[in-house]
Amino acid sequence: MRLAYTPEEEAFRQEVRAFVREHLPPGIRRKVELGMRLEHADYVTWFRILEARGWLTPGWPVEHGGPGWTPLQRHLFDEETLLGGAPRIIASGIQMLGPVLIAYGTPEQKAKYLPDIRASRTWWAQGFSEPGAGSDLASLRTTALLEPDGRHFVVNGHKVWTSYATWCSMMFALVRTDPQAAKPQEGISFLLIDMASPGVTVRPIRMLEGGTDLNEVYLDQVRVPRENLVGELHQGWGYGKFLLGHERTGIAGIGSCKQQLARARALAERQGLAGDALLQARLAQFGIELMALEMTALRLLSRGQRSRTPEVEASMLKVRGTELRQALYETLLEIGGPDSLPFSAEAQFLEAWDGDALPLPTVAECATLAANCLDSRKLSTYGGSNEVQRNLIARAVLAA
Ligand SMILES: Cc1cc2nc3c(=O)[nH]c(=O)nc-3n(C[C@H](O)[C@H](O)[C@H](O)COP(=O)(O)OP(=O)(O)OC[C@H]3O[C@@H](n4cnc5c(N)ncnc54)[C@H](O)[C@@H]3O)c2cc1C
1 MRLAYTPEEE AFRQEVRAFV REHLPPGIRR KVELGMRLEH ADYVTWFRIL
51 EARGWLTPGW PVEHGGPGWT PLQRHLFDEE TLLGGAPRII ASGIQMLGPV
101 LIAYGTPEQK AKYLPDIRAS RTWWAQGFSE PGAGSDLASL RTTALLEPDG
151 RHFVVNGHKV WTSYATWCSM MFALVRTDPQ AAKPQEGISF LLIDMASPGV
201 TVRPIRMLEG GTDLNEVYLD QVRVPRENLV GELHQGWGYG KFLLGHERTG
251 IAGIGSCKQQ LARARALAER QGLAGDALLQ ARLAQFGIEL MALEMTALRL
301 LSRGQRSRTP EVEASMLKVR GTELRQALYE TLLEIGGPDS LPFSAEAQFL
351 EAWDGDALPL PTVAECATLA ANCLDSRKLS TYGGSNEVQR NLIARAVLAA
């Protein structure tokens, strides 16, 4: 196990840090630092800046525009961009669909879709979950049946929790193409659906914190050309599992934890709590736990620098990382105290705030804390809920 970065890795870290400092638009940085909602345009702006530098698709092979980084470089990139106040790379096209198309897509699919993903021209929705199929994804019921001439599928069903669907013009979906298959995991296919097709209806879901990032997607007699099938018919479960492996990359969220711990320390100072021994002990404890989490992640990364974190360790990192972040958001809320009660301050300061120049009164800075804390409840659910991760850990440990 190697606990220090090599001079080359340290130089890479400095390069990323300097790039973020120089190129991240200040208005976007401030929104991230204040825990405000980002618009679609904010993400697209930042993604295009990254793409111009060749850094938008770290998980893609070099021949498809990836930078060819080691897993440790990817870790450093995630950490430095988040610490520098940049938005997370959230687009499902970049992190999920891209690797699937590269591995299993036809040459035509790669030529048609990959350039638009990299240029942030097309955003993709992930149509996996359904009202009766979340953790138990194999019980999905959306059907896609081939018309008699075999040229189109007709899709009927209901997807749910579809992130950013209103920003997306395309959706990749798992659909049941053989309802008679013997096992639930069989007879599922991986289909690319144009969201503008007749019969597609998107209904935003109002979330705990007031946002509408999540959606329901209704599919009613939607015709999809056969050439939108990825890989082989009825083999979609395997492609879906491959994709979910990519969803879990960087799942510990160490950069986000560091970002929120720094926010908590700075806010404590501004709220006059620098001398509060109990709070300072709690923040120090977060620092220790975060260091332990980071060491675990680095230990796994340095173990042969393999390209993907193994399943059970990824589960461990996910559980600890998300628990830490949720606890940090709760602590932030307490640091804000009465100032974090949601009221009209957010709206008032948003009206008055011109992006960067105006100093914010602390009370306004606290106005996002309650929404951020409520929003953080999702962390232990998506990407495979923490209860399900614990099952995986238990199975691996007890079976060993
Ligand atoms: C913010 C957010 C974004 C999302 N984005 C997308 C998206 O873009 N596309 C998409 O397809 N899906 C998306 N999802 C859905 C996500 O994948 C599911 O929420 C997740 O798989 C859990 O499924 P469920 O919500 O149906 O809960 P369920 O599976 O019904 O689980 C309910 C509860 O039971 C527990 N539980 C379930 N099974 C077990 C078990 N075997 N042992 C112990 N406990 C268990 C779970 O941990 C959970 O607490 C998103 C979810 C969230 C929160």
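Residues 1 to 400 in this note's numbering are what the sequence shown spells out, letter by letter.
Built from N, CA and C at the ideal position, the CB exists for glycine as well.
Model, not experiment: these values are computed from the prediction.
Whether residue i touches residue j by CB criterion (7 Å)
i: residue 264; j: residue 322; result: no
i: residue 234; j: residue 189; result: yes
i: residue 158; j: residue 130; result: yes
i: residue 318; j: residue 389; result: yes
i: residue 487; j: residue 124; result: Shown here, the chain extends from 1 to 400; a query on residue 487 therefore has no answer.
i: residue 184; j: residue 139; result: yes
i: residue 104; j: residue 239; result: yes
i: residue 293; j: residue 320; result: yes
i: residue 81; j: residue 20; result: yes
i: residue 68; j: residue 62; result: yes
i: residue 267; j: residue 205; result: no
i: residue 174; j: residue 236; result: yes
i: residue 315; j: residue 392; result: yes
i: residue 324; j: residue 209; result: no
i: residue 224; j: residue 191; result: yes
i: residue 329; j: residue 386; result: no
i: residue 222; j: residue 202; result: no
i: residue 100; j: residue 243; result: yes
i: residue 118; j: residue 51; result: yes
i: residue 381; j: residue 35; result: no
Residue i Cβ short of 6 Å to ligand 1 heavy atom set
i: residue 122; result: no
i: residue 177; result: no
i: residue 134; result: yes
i: residue 126; result: yes
i: residue 378; result: yes
i: residue 163; result: yes
i: residue 387; result: yes
i: residue 129; result: yes
i: residue 391; result: yes
i: residue 6; result: no
i: residue 382; result: yes
Rounded distance between the beta-carbons of residue j and residue i, thought under 8 Å
i: residue 76; j: residue 13; result: 5 Å
i: residue 163; j: residue 196; result: Not a contact, Cβ separation roughly 19 Å.
i: residue 193; j: residue 155; result: 7 Å
i: residue 137; j: residue 128; result: 6 Å
i: residue 66; j: residue 58; result: 6 Å
i: residue 45; j: residue 71; result: Contact flag wrong, Cβ pair sits at about 28 Å.
i: residue 214; j: residue 161; result: 5 Å
i: residue 17; j: residue 84; result: 6 Å
i: residue 28; j: residue 87; result: 7 Å
i: residue 143; j: residue 179; result: 6 Å
Burial state of residue i (16 or more Cβ within 10 Å)
i: residue 109; result: buried
i: residue 217; result: buried
i: residue 176; result: buried
i: residue 132; result: exposed
i: residue 295; result: exposed
i: residue 150; result: exposed
i: residue 6; result: exposed
i: residue 220; result: exposed
i: residue 288; result: exposed
i: residue 395; result: exposed
i: residue 135; result: exposed
i: residue 341; result: exposed
i: residue 308; result: Model confidence at residue 308 stands at a pLDDT of 49, short of 50, so the residue's coordinates are unreliable and nothing is read from them.
i: residue 4; result: exposed
i: residue 285; result: exposed
i: residue 272; result: exposed
Cβ-heavy atom distance, residue i to ligand 2, below 6 Å
i: residue 203; result: Questions concerning ligand 2 fall outside what the structure shown contains, since the ligands it does hold are ligand 1.
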